[in-house]
Every structure is written in structure tokens, then in C-alpha cells.
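Asker: Residues are numbered in the working numbering as their position in the sequence shown, beginning at 1, plus a constant of 197. Think of the CB as a built atom: it goes at the ideal place given N, C-alpha and C, for glycine as much as any other residue.
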Amino acid sequence: MGNYQTSRRLAVSDGRFRYILREQVSNHTVQEAQQLSDDAESSLRDLHDRIRVCRLCHLCETRRSAVPGEGPVSAKIVFVGEGPGRQEDLEGRPFVGRAGKFLDECLQSIDLRRDQVFITNIVKCRPSESSVGWARDRKPTSEEMSACSPYLETQLELIKPELVCTLGDTAKSQAFKRFHIEDDSIGHVHGRLFLAGSMKIVPMYHPAAALYDISLRQIIMIDFQKLRRMISQTKLTSFSNPESSR
Ligand code: URA
Numbered sequence: 198m199g200n201y202q203t204s205r206r207l208a209v210s211d212g213r214f215r216y217i218l219r220e221q222v223s224n225h226t227v228q229e230a231q232q233l234s235d236d237a238e239s240s241l242r243d244l245h246d247r248i249r250v251c252r253l254c255h256l257c258e259t260r261r262s263a264v265p266g267e268g269p270v271s272a273k274i275v276f277v278g279e280g281p282g283r284q285e286d287l288e289g290r291p292f293v294g295r296a297g298k299f300l301d302e303c304l305q306s307i308d309l310r311r312d313q314v315f316i317t318n319i320v321k322c323r324p325s326e327s328s329v330g331w332a333r334d335r336k337p338t339s340e341e342m343s344a345c346s347p348y349l350e351t352q353l354e355l356i357k358p359e360l361v362c363t364l365g366d367t368a369k370s371q372a373f374k375r376f377h378i379e380d381d382s383i384g385h386v387h388g389r390l391f392l393a394g395s396m397k398i399v400p401m402y403h404p405a406a407a408l409y410d411i412s413l414r415q416i417i418m419i420d421f422q423k424l425r426r427m428i429s430q431t432k433l434t435s436f437s438n439p440e441s442s443r
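Here it is, written out as C-alpha cells:
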């Protein structure tokens, strides 16, 4: 029987609802640990249901579907992008367009499957602007990011990942601001490990950047190899052999 100690405090505020969940747990059995994990899974599901009907900012007016994110609540790594694009908005799933295909390739290159990690974005609805008769993606505004940030905070509280990989400049700057790390350009910080308390942050280039600048493809692939080394050093052993966690 594995005994362990954990203490968790979760505070969520999205402006319309607020609740505080406290868990002080000690000397729990494996069964109780399983119960905690089931609770976290169901809280994550509830949170995603709320996100799907969220009207906290005006992005809800133009979305087809909100994109809460996907992956197991037990994920040790969370990838955070900027915001859903056209294809993600259509499907309600993160990183399913061209950038997502490249992200899948990068994950495969280090023997990770998509269903072993949690993938989400800073904003959960597509930021777009009209351009000669069609909608094109744009960066989320600071108001949109602030309105949405309690959702990401809560996802991280529930998942408790060992590593957070930010994808692109916007996600990197948000994470650095949140964890009081001095900001720097993505060109300087990509592929490096930053410690913020118990949180480990690895900023990466956005996979979409490689679609426009082919030289970044190789750099991103190298950063994923560095990530593989960090994973093995952090002893996230469940990732070392994809077959073992099926
Ligand atoms: N770009 C992002 O930042 N997120 C997605 O989900 C898709 C593309």
C-alpha cells in the first residue's frame, strides 16, 4: 500500500462563480489516491463543461466551439498554446490543424503520444478578425487572456503537471508573468528549463512558426530532444516507454 501526503487548495474565480476546495489529506491508501484522482477527473470534466458555455468575454460571440483542451488529468506534461485557430474552433479540440500535425510529429519524435500529455491554450475560444470576407486568426488581447486565465489556472491545479511547455511567445510571456520570471525573447529562452517553485516551465517555439520558417523545424525538433532528456532526468518514467502506459 502506498502511503503519501498531499495538501491541496484550489480557488477558482471567473467573475461569475467562485468556489474554494480544500483538501488536507494524509496517510492515504492507494484506493483513496484513486478516489482523489477520480475527483480531479470529474472536476476537470465539469470545468470543461463550463468553458464550453462560457460568456466571460466577447470571443463567445464568434466561436463555433470553445476548445477547453484535452488529455488525461494524470498527465505529467501540459502544453499551452496561444488560442484555437479555425480548425480547432470547428472541431472543439486543440492543435488539430497544420500546426497540430507538426506538434504530433514532435511528440512522436520523443516517443510521446498525444494521449499521454495535456494540451490546451491560454484562451479557450478562437480570437479572429475579419479580413476581406473571411476570418483570420489573431493574437488574443490582454483582456481576453485575463478573462480566460482562471480556466488555465484551474486546469493546472487539478492536473498538477511536472512540466509546463509553453508554445510560442504569447504563452511564454503569460507564464513568465504569472510565475514572476523576467521575460526574454523566445529566441533566447526556447528549450531551456525555468523553475518557479514546484513548477517547471520549458518555453518552446510555436509549432506554427515552423510552417512559415523551415529553419525553425530543426530547432524545434532539437528542443524536443532536450525535453526528452529533462523528462528522463525528472524521472517521469511513465513516459519512457509509451507501451507501458497503454
Ligand atoms: N495554435 C494554438 O496556439 N493553439 C491551437 O490549439 C492551435 C493552433
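1) Is the CB-CB distance between Ala272 and Ile378 below 7 Å?
2) What I want to know is whether the C-beta of Phe276 ends up closer than 6 Å to one or more non-hydrogen atoms of the ligand URA.
3) Give me the DSSP bridge partner(s) of Phe315.
4) Grouping DSSP H, G and I as helix and E and B as strand, with all else coil, what is Leu364?
5) Taking a cut-off of 7 Å, which residues have a beta-carbon closer than that to any heavy atom of the ligand URA, in chain order?
6) Bridge partners for Phe391 per DSSP, in chain order?
7) Quick check on Glu359: does DSSP put it in helix, strand or coil?
8) With distances taken between CB atoms, is the gap from Asp334 to Gly297 smaller than 7 Å?
9) Among the residues of its own chain, which have a CB less than 8 Å from the CB of Met178, if the five just before and after it don't count?
10) Return helix, strand or coil for Asp410, following the three-state DSSP convention.
11) If you compare alpha carbons, which of Ile316, Thr226, Gly388, Gly294 is closest to Gln284?
12) State the Cα-Cα distance for the pair Phe376 and Ala393, rounded to the nearest angstrom.
Answerer: Once the coordinates are examined:
1) no
2) no
3) Val275
4) strand
5) Here the list is Val264, Gly278, Glu279, Gly280, Pro281, Gly282, Glu285, Pro291, Phe292, Gly294, Ala296, Gly297, Asn318, Leu364, Gly365, His403, Ala405.
6) Ile398
7) coil
8) no
9) Nothing can be reported for residue 178: it is not among the residues displayed for the chain, which extend from 198 to 443.
10) coil
11) Gly294
12) 6 Å
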